[in-house]
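Numbering of the sequence shown is given in our numbering, commencing with residue 15 and proceeding in unit increments.
Yeah, the Cβ is synthetic: ideal placement off N, Cα and C, and Gly gets one too.
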Amino acid sequence: MRGKDKGLQLLNGKPLWQHVAQRLAAQTDRLVISANRSLEAYAASGLAVYQDILDNFPGPLAGILSVMKQSDSEWYLFCPCDTPFIPDTLAQRLWENSGEAPAAWVHDGERDHPAVALVHRRIIPMLESYLAQGERRVMVFLRQCGGHSVDFSDLKSAFINVNTLDDLQHMQEKA
């Protein structure tokens with residue numbers, strides 16, 4: 015995004031993160047934001063904002079760990095700010111298909127979306143160890159901790175994400 019905070023980029027006049035938050039609000043008991051910059055902008059929402067507890071911002075898994083260590087829920091639904099079209103049934107479907115697994119993530123029929131995941135807090139020790147070893151790969155970790163994907167092939171377009179300003183322009187036209 016050319017150095018810009020992706021979550022604050024506008025889609026139809028509203029920041030990307032707000033599209034995601036609006037869709038998640040009816041699916042969860044509580045919303046929080048994981049961010050390491052633009053903290054005042056996110057805090058203005060009234061939602062809790064958690065920064066990484068690890069130095070050097072080592073990626074999405076550090077954000078997942080940080081949220082789990084700073085809040086007291088049993089289960090967490092994680093979704094990146096760049097997926098503004100997530101379905102209203104995301105949480106329910108992941109939950110119903112998680113079984114005994116400590117993590118369940120989206121598979122759109124062609125590819126995994128491990129950053130869109132339902133995760134139980136019992137993975138915290140495994141995640142701390144994984145990150146301490148210098149590992150950063152979300153998919154590898156979720157598989158190692160015993161997680162599995164959930165089929166969302168019927169909703170593939172719901173998981174299109176914004177990676178560039180061109181992607182954002184394309185979504186403006188779609189939304």
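Residue of the options minimising C-alpha distance to residue i
| i | options | result |
| --- | --- | --- |
| I138 | H127, L75, D96, N175 | L75 |
| L141 | L68, N26, V34 | L68 |
| S48 | K28, C93, N70 | C93 |
| G148 | D126, N70, E110, M82 | N70 |
| D165 | E187, Q186, A57, T103 | T103 |
Chain-order list of residues whose beta-carbon lies under 7 Å from that of residue i (same chain, five-residue window excluded)
| i | result |
| --- | --- |
| V152 | P74, L75, P128, A129 |
| G161 | A115, P116, A117, A118, W119 |
| L156 | A117, W119, P128, A131 |
| C95 | K20, G21, L30, W31, V34 |
Cβ pair residue i, residue j closer than 8 Å
| i | j | result |
| --- | --- | --- |
| L53 | L45 | no |
| S80 | R135 | no |
| S163 | L132 | no |
| L145 | L25 | no |
Residues sharing a beta bridge with residue i, DSSP
| i | result |
| --- | --- |
| S48 | Y64 |
| H33 | H33 is not bridged to any residue. |
| Y24 | Checking the displayed sequence, the identity of residue 24 turns out to be Leu instead of Tyr. Answer is P29. |
| D126 | H121 |
| Y144 | Looking at the DSSP assignment, Y144 forms no beta bridge with any residue, so it has no partner. |
| L132 | L91, A118 |
| D165 | H121 |
Beta-carbon proximity list for residue i, same chain, < 6 Å, skipping 5 on both sides
| i | result |
| --- | --- |
| Q65 | N50 |
| A62 | V46 |
8 Å CB neighbourhood of residue i in its chain, flanking five on each side removed
| i | result |
| --- | --- |
| A105 | L38, Q41, T42, L91, L132 |
| F173 | T97, F99, I100, V120, D122, H127, V130, F166 |
| P72 | D66, L145, R150 |
Do the segment 118–133 and the segment 158–176 make contact, defined as three or more Cβ pairs closer than 8 Å?
Because the criterion of three Cβ pairs below 8 Å is met, the segment 118–133 and the segment 158–176 touch.
Contact the segment 86–101 vs the segment 21–37: 3+ CB pairs below 8 Å:
yes
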